[in-house]
Structure formats: structure tokens, C-alpha cells
Amino acid sequence: MSALEIHLDDQDLDRTLRTDVATGLTAAPKWLPPKWFYDARGSELFEDITRLPEYYPTRTERAILTARAGAIARISEAKTLVELGSGSSEKTVLLLDALLAHGTLGAFVPLDVSASALGEAVDRLAGRYPGLAVRGVVGDLTRHLAYLPDGDNRMVAFLGGTIGNLVPAERAEFLSRLRAVLQPGEWLLLGTDLVKDPAVVVPAYDDAAGVTAEFNRNVLRVVNHRLGADFDVAAFDHVALWNAEREWIEMRLRATSAQRVHIRDLGLTVDFAAGEELRTEISAKFRRDGLSAELAAAGFELRHFWTDPAGLFAVSMVQA
Ligand code: AVJ
21 MSALEIHLDD QDLDRTLRTD VATGLTAAPK WLPPKWFYDA RGSELFEDIT
71 RLPEYYPTRT ERAILTARAG AIARISEAKT LVELGSGSSE KTVLLLDALL
121 AHGTLGAFVP LDVSASALGE AVDRLAGRYP GLAVRGVVGD LTRHLAYLPD
171 GDNRMVAFLG GTIGNLVPAE RAEFLSRLRA VLQPGEWLLL GTDLVKDPAV
221 VVPAYDDAAG VTAEFNRNVL RVVNHRLGAD FDVAAFDHVA LWNAEREWIE
271 MRLRATSAQR VHIRDLGLTV DFAAGEELRT EISAKFRRDG LSAELAAAGF
321 ELRHFWTDPA GLFAVSMVQA
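Just so you know, this note's numbering puts the end of the sequence shown at 340, numbered straight through with nothing missing.
This is how it looks when you write it as C-alpha cells:
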């Protein structure tokens, strides 16, 4: 039995998808936002990515959280844990165990765009932690921060490096909005991937088994299914490249030959030249100083910055 609060229904999602596709596919260069990767198949492919030998972020963040969960509980004394974009919430258990052992935690509130993934996670966690109030919020993290639960001593966890999917201007807006709904002293627990040798980061987004390539092409399948489009998915190559100036990974889909695509539900026809690329994701990598400055500009303070021994990934405790 799950308690879900719905601020985003299928109709909202549909409207946003239509706007995003119409905007992105008529832009030059063309682009689509990464949030549309994650239908059921895309979410499974992402889970597969997290287990690839080349994809270091998930296991590295898990190791940092394992080492620091006790400290996070002691320092935050959180009564409510809010998790943004929680997905399968596997790492959440580390935090919940530590916060419950510390004795402060009373409520867990995961927020995700996917009602199905969220419902499953809420059921599982409510079963595992009978004394904990678990309430799922179906919402978009850029639009529904206002629906965070009231209370004091809240901690908002935003893990996985997903903040890197936002470009700097979007990050600034997201962080200011989040800061505005928090009280001074409350916490943000933030996972960020770090700048490193492109020889390590590029294979994480271009794995030998081709799972990331399938994940990338999945966005075309989503547009085909949901908007009646006729993308020839096999006619697009996966591209992952390191943008050294912006310090982010870009994923693109490159048309292997000239393509004409009809997006039936939008009454839109889109032409791709041979070799033309469609940007599907940026995944920004951070440095401590840059992160600290971005947080400060939004009214936050970086209090703890914990990395793995190799300095691949960071988990930060950030205070409002
Ligand atoms: C879930 C957004 C953190 O950017 O590394 C994995 C998504 N894209 N492989 C990331 C992703 C390609 C992932 N995030």
C-alpha cells in the first residue's frame, strides 16, 4: 500500500514531452532533454549501466556513502529525509539505516517523475521500515520543490551526479529555488561527478558492451511510442565526447545517412542531414572550487566535501 502524492500526471508529462520535442527538434543544433530516456526500458538500461565496469559513478558514490553515512547522520541530525530523483533508491537504504540508528529520523519523502518506480520504492521501504513515515511525491524536481514536506531539520539528498544534467544557468535556478524552500541550517546532500582524465570519463559514457549506446537511442524509441514518430532508431550512432572547455560529457545521436522523420502527434516533419547530430545529454563534471562558488551564489555553504581515494566522485554536505 503506497502513499503517493501526484503533482505530475500523464497529461502533464505528455504536454511537457510535446513542448520539449517541438522545441528541441526545430532548434539548430537539435537537442532533446535527458529526462525522456527513462521509460521502463530506459530505466532498466540505466540500471545496467550502473553495473558496467567502465561506469564508475554509482559504485564510487555508494562507497563514499557507506564510509560517511554515520557522519552524515551525526552532522545533519535529520528528522526528514527528502530524496530528489530517487529512482530505485538503492543507496537510500544506507542513509535511512544510519539516520534511524542515530535516532532522529521520522519521515522519508522521495520525489520522482516516474509514478511506477516511486510506488515500488515506497512500498519496499515502508515494508522494510515499519516505524518510518514514507510518502512519495510524483513531481519534476525543477517544478515541484514547493511541495517539499513542512518540518524542521530536513535534509534533501540529490545523488548520482544528476545535477550535472543541468547546464550552469539551470543549476543556478534549481539551487536558488531549493535554497528558498529550506530554512537556515537545513541540509542538501549532493552527489557530483568530478573532473578527471577524459580517458577515464569517456569510456564511462561509451562502454564496450554498447549499453550506453542503447540507452541513448532509447530516447528515439520513447518519441516513437509516445508521439507516433517514425525515427529509424538503427540509423543513429551513439556519440560521447568530452567538452574540455565546459568540462562536461555530451551524448549525441548522429544520423548515419540523411533522414526524414515525421512526428505524427505534433504534425511535424524533421530532416536530418547525413552526419547531423542531435544532443541528448550533458553530464557536467565538477571541481571543488567551482561547486563551492555555485552553491555560495545560491545562498548555500559547502561544509563537507568527501571523495573516494582516487578522487573520482564527491558527496558534499551543503548547508542552507
Ligand atoms: C543518472 C544523470 C547521473 O549523467 O552519468 C549514464 C545518466 N547517462 N550514462 C550520468 C547517464 C549516460 C547519469 N545520471
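Just so it is clear, CB atoms sit at the ideal spot from N, CA and C, and this is done for glycine as well.
On the three-state DSSP scale, how would you describe residue 36? It is helical.
For the putative contact between residue 78 and residue 328, defined by C-beta atoms under 8 Å, what is the C-beta separation to the nearest angstrom? Not confirmed; about 12 Å, so no contact.
Looking at the secondary structure, which residues open and close the alpha helix (DSSP H) in which residue 370 lies? Absent from the model: residue 370. The displayed extent of the chain is 21 to 340, so no value can be given.
Classify residue 265 as helix, strand or coil using the three-state DSSP reduction. Annotated three-state conformation of residue 265 is coil, per DSSP.
Roughly how many angstroms lie between the CA atoms of residue 159 and residue 292, to the nearest whole one? Rounded to whole angstroms, the gap between the alpha carbons of residue 159 and residue 292 is 33 Å.
Thinking C-alpha only, which one of 229, 256 and 228 is nearest residue 238? Cα-wise, what sits closest to residue 238 is 256.
From residue 92 to residue 131, what does the alpha carbon distance come to, in whole angstroms? Cα to Cα, residue 92 sits roughly 20 Å from residue 131.
Any non-hydrogen atom of the ligand AVJ closer than 7 Å to residue 76 Cβ: No, Cβ of residue 76 sits at least 7 Å from all heavy atoms of the ligand AVJ.
Heavy atom of the ligand NAD within 7 Å of residue 301 beta-carbon: This structure simply doesn't include the ligand NAD; it includes the ligand AVJ instead.
Does the beta-carbon of residue 26, which I'm using as the reference point, lie nearer than 7 Å to any heavy atom of the ligand AVJ? No, the ligand AVJ has no heavy atom inside 7 Å of this Cβ.
CB of residue 316 within 8 Å of CB of residue 199, strictly: Taking 8 Å as the Cβ cut-off, residue 316 and residue 199 do not qualify as a contacting pair.
Could you tell me the distance, in whole angstroms, from the CA atom of residue 24 to the CA atom of residue 171? Going from the Cα of residue 24 to the Cα of residue 171 covers about 19 Å.
Are the segment 194-208 and the segment 53-66 touching by the rule of at least three beta carbon pairs closer than 8 Å? The count of Cβ pairs closer than 8 Å, one atom from the segment 194-208 and one from the segment 53-66, stays below three, leaving the stretches out of contact.
Residue 283 and residue 249 - do their beta-carbons sit closer together than 8 Å? Yes. Within cutoff.
Cβ contact (3+ pairs, closer than 8 Å) linking the segment 62-69 and the segment 272-287: They do not touch, by the three-pair rule.
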